[in-house]
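**Q** For the record, the sequence lines run as chains A and B.
Letter by letter, the first sequence follows residues 1 to 344 in our numbering.
Letter by letter, the second sequence follows residues 345 to 664 in our numbering.
Got a structure here, written out as structure tokens. Questions coming.
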Amino acid sequence: MLDTTTQAPDAVPETVMELRGLEREFARKPVLAERLMKLVGKAPDTPSLKAVRSVDFAIREGEVLGLVGESGCGKSTLGRMITGIIPPTGGAVTYQGADISAMKGQALKDFTLGVQMIFQDPYASLNPRQRVGEILAEPLRVHGLATDKADIRRRVDAALTEVGLDTSYRDRYPHQFSGGQRQRIGIARALIVEPSFLVCDEPIAALDVSIQAQVINLFLALRAKRNLTYLFISHDLSVVRHIADRVAIMYLGKIVEMAPAQEIFANPAHPYTRTLLEQIPSVKNRKRHFEAVKGEIPSPHKPPSGCAFHPRCPMATARCRAEAPVTREIAPGRTVSCHLHDAN
Amino acid sequence: MTDTSQQLTGQQALGQQGVGEPVPQRRAPIGDTPQRRAMLKRLKRRPSVKGSLIALFLIVVIGLTLPFFAPQNPYDLTSFSVMDNRLAPGSESFEGTRFLLGTDQQGRDMLSAIFYGLRVSLLVGLVSTGLALVIGVCVGLVAAVMGGRIEAMLMRLVDFILGFPTILVALVMLAMIGRGVDKVILAIVVVQWANYARIMRSAALSERRREYVEAAFNLGYGKPRVMFRHIMPNSLNAVLVVATVQIASAITLEATLSFLGVGVPVTQPSLGLLVASGFDYLMSGDYWISLYPGIALLVLIFSLNLVGDRLRTALDPKRS
Ligand SMILES: Nc1ncnc2c1ncn2[C@@H]1O[C@H](COP(=O)(O)OP(=O)(O)OP(=O)(O)O)[C@@H](O)[C@H]1O
Ligand code: SF4
Ligand SMILES: [Mg+2]
Numbered sequence: 001m002l003d004t005t006t007q008a009p010d011a012v013p014e015t016v017m018e019l020r021g022l023e024r025e026f027a028r029k030p031v032l033a034e035r036l037m038k039l040v041g042k043a044p045d046t047p048s049l050k051a052v053r054s055v056d057f058a059i060r061e062g063e064v065l066g067l068v069g070e071s072g073c074g075k076s077t078l079g080r081m082i083t084g085i086i087p088p089t090g091g092a093v094t095y096q097g098a099d100i101s102a103m104k105g106q107a108l109k110d111f112t113l114g115v116q117m118i119f120q121d122p123y124a125s126l127n128p129r130q131r132v133g134e135i136l137a138e139p140l141r142v143h144g145l146a147t148d149k150a151d152i153r154r155r156v157d158a159a160l161t162e163v164g165l166d167t168s169y170r171d172r173y174p175h176q177f178s179g180g181q182r183q184r185i186g187i188a189r190a191l192i193v194e195p196s197f198l199v200c201d202e203p204i205a206a207l208d209v210s211i212q213a214q215v216i217n218l219f220l221a222l223r224a225k226r227n228l229t230y231l232f233i234s235h236d237l238s239v240v241r242h243i244a245d246r247v248a249i250m251y252l253g254k255i256v257e258m259a260p261a262q263e264i265f266a267n268p269a270h271p272y273t274r275t276l277l278e279q280i281p282s283v284k285n286r287k288r289h290f291e292a293v294k295g296e297i298p299s300p301h302k303p304p305s306g307c308a309f310h311p312r313c314p315m316a317t318a319r320c321r322a323e324a325p326v327t328r329e330i331a332p333g334r335t336v337s338c339h340l341h342d343a344n
Numbered sequence: 345m346t347d348t349s350q351q352l353t354g355q356q357a358l359g360q361q362g363v364g365e366p367v368p369q370r371r372a373p374i375g376d377t378p379q380r381r382a383m384l385k386r387l388k389r390r391p392s393v394k395g396s397l398i399a400l401f402l403i404v405v406i407g408l409t410l411p412f413f414a415p416q417n418p419y420d421l422t423s424f425s426v427m428d429n430r431l432a433p434g435s436e437s438f439e440g441t442r443f444l445l446g447t448d449q450q451g452r453d454m455l456s457a458i459f460y461g462l463r464v465s466l467l468v469g470l471v472s473t474g475l476a477l478v479i480g481v482c483v484g485l486v487a488a489v490m491g492g493r494i495e496a497m498l499m500r501l502v503d504f505i506l507g508f509p510t511i512l513v514a515l516v517m518l519a520m521i522g523r524g525v526d527k528v529i530l531a532i533v534v535v536q537w538a539n540y541a542r543i544m545r546s547a548a549l550s551e552r553r554r555e556y557v558e559a560a561f562n563l564g565y566g567k568p569r570v571m572f573r574h575i576m577p578n579s580l581n582a583v584l585v586v587a588t589v590q591i592a593s594a595i596t597l598e599a600t601l602s603f604l605g606v607g608v609p610v611t612q613p614s615l616g617l618l619v620a621s622g623f624d625y626l627m628s629g630d631y632w633i634s635l636y637p638g639i640a641l642l643v644l645i646f647s648l649n650l651v652g653d654r655l656r657t658a659l660d661p662k663r664s
């Protein structure tokens, strides 16, 4: 794999994207009984779900930031907010120094096209009624990036070639492809608008194991060639190990640990990170399959008191149940939120 | 069925070998997806559907080429004579023309009246369904994509319209605006668009959640484009299936309204009006004035329903 962690000593990487106190709440539509109660005046608090709870971090130009957490912890929701697909309900995202919710005109267009998403489910992320050629040509036409037919054709073919697909595929429909090929089409669609930032939402989770490595290598090659920045989402730490420079661990809507990739694998600080690492199949711990972390994932409707991880944490104390830990910097570039690190 | 088709392909293969030149591959027309082809195949396989398709085809052909088929123009008052009124099927007129299905109380040839009536019924059914479909699809799409207050308002209106019995709304409307083919169409559109709006909204809502729609927004496509280019083509199936069945119910509604005397004018009789006009003579034994238009109406509605129903089964995503 590429050694991506070494930076030239004098190059200070610029921050491209910054998340400040980012939150997203989903309100469930009140059922009839609740609406009636409201009419009578005895309104129960409307049930809501905080998918993302106060997330702060910055993504630097050219890096690959891995975002890891169990299913349902809010990774996709975070990704959607960063790409502007859904607005946050609290906090802000800044892209190249400007708040994305206040963007207009050319700035908004630059942001929209500059930050593209690769989706989780290759079977749902392509319009089934469009041919591959139309899927790829549409962004060019809509934004006037290429106008004459020959030019569009040339760029569509170039995009297909870049992701390792045959140019003759442009006349086919998405259902005629395998999952891996579809994911490549999705990548081509994102690349055709020449973005500088890609949010990859578990782009290989739905693929055959035999295909996964190929697609990862494609991401690495594209990064080197186009100087892209990635937010690479995964529920599996071992996937992120191959590609990320830094890793953020997410639990129930919060970032519980963030560190350079090497350090997080060598010396995990948060108990949740440790459990995640223990689950990785390896020769050493004689595990052959990926296993879920023990204990049930708590419902995001009703997060546990104090530290949200305490019902499953082997080190939990009375304090953990009562008091939520704050995020601390335990070493330069390393943050953790756990009471165990309060002493340092 | 399967046997013959296999034989056919076998023969084709043999034929190709014999001639020794490759058959040029036909380019699939736009929108001709393998799913759609499989669906049409399933549709054609049923014998009862075959019958209905043939009947519908005949009716449409007759409706389009009317003047060549009908012995008489029932809209032209000079082409028939009261002298020939209520002649039994098969009898001859004063001037020697034969009335295969008899004549009505004004001396009109029933066969011609039925042909013209079929045309009126079809016209009303197709035009009103088409208009209601367009309105309903747009309203449903806008509601699903815009959400919020716009959606709430539109769907309240839909609930309001669907809350009343169809026939009642149409009756009241026509009582106010008067008779006429255009007015009947208007009344049917008013009572039927809400159906499509509701179905379209729920189909569009479920489509909206799919990732390709998020991708479209992510690529900076405007709402109208996402609505009409992406969501609409993928959620149209449900509404189209209902529409095929609704053509029949539009025709029934028109017939009912005309039968009740608020539909089409007497000078442009539809099947419903013909049935109504023969109703008074039914007791005196002149059954043909009501019976034959009634049978024509029945065949038309039955075929439409059967085809629509099979279309529904064929389009069922669980089968494809
Ligand atoms: N549009 C929505 N409306 C209501 N709840 C939502 C919505 N989108 C996500 N959620 C909820 O927010 C939580 C986080 O969802 P999200 O899709 O971000 O998780 P995830 O980490 O991407 O999980 P996965 O690994 O399964 O993709 C889940 O509990 C989910 O049910
Ligand atoms: S704060 Fe307590 S419960 Fe939470 S992770 Fe740290 S030790 Fe475990
Ligand atoms: Mg997800």
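C-beta atoms are modelled at their ideal positions from N, C-alpha and C, and glycine is treated no differently.
Taking only beta-carbon atoms, is E555/B less than 7 Å away from chain A?
**A** Taking the first residue of the second sequence as position 1, residue 555/B is located at position 211. At least one chain A Cβ lies under 7 Å of E555/B.
**Q** What does a CB cutoff of less than 7 Å around E61/A pick up in its chain, not counting 5 residues either side in sequence?
**A** As a position in the first sequence, residue 61/A is number 61, starting the count at 1. Around E61/A: P13, E14, V16, T229.
**Q** How about Y173/A and R131/A: do their beta carbons lie closer than 7 Å?
**A** Start at 1 with the first residue of the first sequence, and residue 173/A comes out as number 173. Start at 1 with the first residue of the first sequence, and residue 131/A comes out as number 131. In this structure, R131/A lies closer than 7 Å to Y173/A by Cβ.
**Q** With distances taken Cα to Cα, identify the nearest neighbour of R53/A among R312/A, Y251/A, A102/A.
**A** For this step, residue 53/A is matched to residue 53 along the first sequence. Considering only alpha carbons, the answer is Y251/A.
**Q** For F197/A, decide whether its Cβ has a neighbour in chain B, counting only Cβ atoms nearer than 7 Å.
**A** By 1-based counting over the first sequence, the position of residue 197/A is 197. It does not; no Cβ of chain B falls within 7 Å.
**Q** By the DSSP assignment, the beta strand (DSSP E) with M17/A in it spans what residues?
**A** What you label residue 17/A is simply residue 17 of the first sequence in a count that begins at 1. 15-27 is the extent of the beta strand (DSSP E) around M17/A.
**Q** Short check: CB of I118/A to CB of G69/A, under 7 Å?
**A** For the purposes of this step, residue 118/A is taken as the residue at position 118 of the first sequence. For the purposes of this step, residue 69/A is taken as the residue at position 69 of the first sequence. Contact flag unset, no.
**Q** Using the C-alpha atoms, what's the distance from Q214/A back to Y345/A?
**A** Limits of chain A in this structure are 1 at one end and 344 at the other, which puts residue 345/A out of reach.
**Q** Mapping DSSP to helix, strand and coil, what is M571/B?
**A** Start at 1 with the first residue of the second sequence, and residue 571/B comes out as number 227. Of the three classes helix, strand and coil, the one that applies to M571/B here is helix, per DSSP.
**Q** State the Cα-Cα distance for the pair L32/A and A476/B, rounded to the nearest angstrom.
**A** Numbered from its first residue, the first sequence carries residue 32/A at position 32. Numbered from its first residue, the second sequence carries residue 476/B at position 132. One C-alpha to the other measures close to 31 Å.
**Q** Would A658/B count as contacting chain A if we go by Cβ distances under 7 Å?
**A** The residue given as residue 658/B occupies position 314 in the second sequence. Chain A, which has no Cβ nearer than 7 Å to the Cβ of A658/B, makes this no.
**Q** For L36/A, is the classification buried or exposed, using 16 other Cβ atoms within 10 angstroms of its Cβ as the cut-off for buried?
**A** For the purposes of this step, residue 36/A is identified with residue 36 of the first sequence, where counting begins at 1. Classification of L36/A: exposed, given that the 10 Å Cβ count is below 16.
**Q** Does A658/B come out as helix, strand or coil in the three-state DSSP assignment?
**A** If you number the second sequence from 1, residue 658/B lands on position 314. Note: A658/B maps to helix in three-state DSSP.
**Q** Ordered along the chain, which non-local residues of its own chain (more than five positions away) have a Cβ less than 8 Å from that of V534/B?
**A** Here residue 534/B refers to the residue found at position 190 of the second sequence. So the qualifying residues of the chain are I505, V513, A514, M517.
**Q** With distances taken Cα to Cα, identify the nearest neighbour of V193/A among P139/A, I330/A, V256/A.
**A** To locate residue 193/A, count along the first sequence from 1; it is residue 193. The shortest Cα separation from V193/A among P139/A, I330/A, V256/A belongs to P139/A.
**Q** DSSP on E296/A, reduced to helix/strand/coil?
**A** For the purposes of this step, residue 296/A is taken as the residue at position 296 of the first sequence. In this structure, E296/A counts as coil in the three-state DSSP scheme.
**Q** Just to confirm my understanding: we take G622/B, look at its own chain, exclude 5 residues before and 5 after, and list those with CB closer than 6 Å. What are they?
**A** On the second sequence, position 278 is the one that residue 622/B refers to. Contacts found: I633, S634.
**Q** With three or more C-beta pairs closer than 8 Å as the rule, is the segment 95-108 of chain A touching the segment 544-560 of chain B?
**A** The answer is no - the segment 95-108 of chain A does not touch the segment 544-560 of chain B, with fewer than three Cβ pairs under 8 Å.
**Q** Cβ closer than 7 Å: which chain A residues qualify as neighbours of L666/B?
**A** Absent from the model: residue 666/B. The displayed extent of chain B is 345 to 664, so no value can be given.
**Q** Taking only heavy atoms of ligand 2 into account, decide whether any of them is closer than 6 Å to the Cβ of C73/A.
**A** By 1-based counting over the first sequence, the position of residue 73/A is 73. No, Cβ of C73/A sits at least 6 Å from all heavy atoms of ligand 2.
**Q** Tell me whether M258/A counts as near ligand 2, meaning its Cβ is closer than 6 Å to at least one heavy atom of that ligand.
**A** Locating residue 258/A in the first sequence gives position 258, where the first residue counts as 1. Flag unset: Cβ of M258/A not near ligand 2.
**Q** Rounded to the nearest angstrom, what separates P304/A and A27/A at their Cα positions?
**A** Walking along the first sequence from the start, residue 304/A turns up at place 304. Walking along the first sequence from the start, residue 27/A turns up at place 27. Cα to Cα, P304/A sits roughly 19 Å from A27/A.
**Q** Report the partner residues of E257/A according to the DSSP bridge assignment.
**A** As a first step, residue 257/A is located in the first sequence; it is residue number 257 there, counting from the start. E257/A pairs with I249/A, V336/A.
**Q** Would you call the CB atoms of V163/A and G79/A closer than 7 Å?
**A** By 1-based counting over the first sequence, the position of residue 163/A is 163. By 1-based counting over the first sequence, the position of residue 79/A is 79. Against a cut-off of 7 Å, the Cβ pair of G79/A and V163/A comes out as no contact.
**Q** Given a cut-off of 7 Å, decide if P509/B and Y460/B are closer than it, judged by their beta-carbon atoms.
**A** Along the second sequence, one-based indexing puts residue 460/B at 116. Along the second sequence, one-based indexing puts residue 509/B at 165. No. Outside cutoff.
**Q** Does the segment 636-647 of chain B come close enough to the segment 396-411 of chain B to have 3 or more Cβ pairs within less than 8 Å?
**A** Judged by Cβ distances under 8 Å, the segment 636-647 of chain B makes contact with the segment 396-411 of chain B, as three or more pairs qualify.
**Q** Here's the rule: buried if 16 or more other CB atoms are within 10 angstroms of the residue's CB, otherwise exposed. What is I575/B?
**A** Residue numbering aside, residue 575/B sits at position 231 when the second sequence is read from its first letter. So I575/B counts as buried.
**Q** Suppose contacts are defined by Cβ-Cβ distances below 7 Å. Is S614/B in contact with V464/B by that definition?
**A** For the purposes of this step, residue 614/B is identified with residue 270 of the second sequence, where counting begins at 1. For the purposes of this step, residue 464/B is identified with residue 120 of the second sequence, where counting begins at 1. Yes.
**Q** With 7 Å as the threshold, decide whether the Cβ of N325/B is near any Cβ in chain A.
**A** This structure gives no information on residue 325/B, because the portion of chain B shown stretches from 345 to 664.
**Q** Taking 7 Å as the threshold (beta carbon to beta carbon), is V142/A in contact with chain B?
**A** Stepping through the first sequence from its first residue, residue 142/A is reached at position 142. Chain B contact via Cβ: present.
**Q** Please find out if some non-hydrogen atom of ligand 2 comes closer than 6 Å to the beta-carbon of F309/A.
**A** To locate residue 309/A, count along the first sequence from 1; it is residue 309. Correct: F309/A has its Cβ closer than 6 Å to ligand 2.
**Q** Using 8 Å as the cut-off, can you tell me whether the segment 246-266 of chain A makes contact with the segment 209-226 of chain A, which would need three or more C-beta pairs spanning the two stretches below that distance?
**A** With a cut-off of 8 Å, the segment 209-226 of chain A and the segment 246-266 of chain A do not count as touching, because too few Cβ pairs lie within range.
**Q** Excluding the five sequence neighbours on either side, which residues of its own chain have a C-beta within less than 7 Å of the C-beta of E63/A, listed in chain order?
**A** Along the first sequence, read from residue 1 onward, the residue named residue 63/A stands at position 63. Excluding positions up to five away in sequence, the list reads P13, T229, D245, R246.
**Q** Taking 6 Å as the cut-off, is the CB of A488/B close to at least one heavy atom of ligand 2?
**A** Within the second sequence, numbered from 1, the residue matching residue 488/B stands at position 144. Result no, Cβ not under 6 Å from ligand 2.
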